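Asks: In the UniProt record's numbering, the protein residues as written are 1 to 134.
1) May I ask which residues mark the beginning and end of the beta strand (DSSP E) holding residue 47?
2) Check this for me: beta carbons of residue 88 and residue 69, under 8 Å apart or not?
3) Just verifying my parser: in three-state terms, what is the DSSP assignment at residue 23?
4) DSSP on residue 6, reduced to helix/strand/coil?
5) With which residues is residue 41 paired in a DSSP beta bridge?
6) Please list the terminal residues of the continuous beta strand (DSSP E) segment that includes residue 105.
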């Protein structure tokens, strides 16, 4: 049970997220046993956590970037994920497991990260996006 200033994971599933009641730009990850992560995770600057969507969203008075790039990621599985799903650029997220925060890495040697999730690797810019199924 939550008492006002604590995040409330009552009835939440493992990896559900809840707002930090003390700071709407932060959130916690629930463990499925009505407990939450020790430290809050932070939304990108200008964003707030939405209990409705379970994600960080643009806060009042902010505009959503048109690039589709994200500055942080809570992983849904282990693997590599594009930081900018619509733009071929070097940065990507490395995820070790579901529910953890992705770590930003960069391709080296002038390579860019492929925007096609079926081939999540660094490739030559002229080959991006690369579709392995063609």
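No residue lacks a Cβ here, since even glycine has one placed at the ideal position from N, Cα and C.
In this text, all values refer to a predicted model and were calculated from it rather than measured experimentally.
Replies: Inspection of the coordinates gives the following:
1) Position 47 of the chain shown, counted from the start, is the residue given in the question as residue 47. It spans 47–50 - the beta strand (DSSP E) in which residue 47 sits, taken as one unbroken run.
2) By one-based count along the chain shown, residue 88 stands at place 88. By one-based count along the chain shown, residue 69 stands at place 69. At the C-beta level, residue 88 and residue 69 stay beyond 8 Å of one another.
3) In the chain shown, the residue the question calls residue 23 occupies position 23. Three-state DSSP puts residue 23 in a strand.
4) Within the chain shown, numbered from 1, the residue matching residue 6 stands at position 6. It is coil, neither helix nor strand.
5) Numbered from 1 along the chain shown, position 41 holds the residue referred to as residue 41. Residue 41 is bridged to 27.
6) Counting from one through the chain shown, the residue named residue 105 turns up at place 105. 103–106 is the span of the beta strand (DSSP E), which, as asked, contains residue 105.
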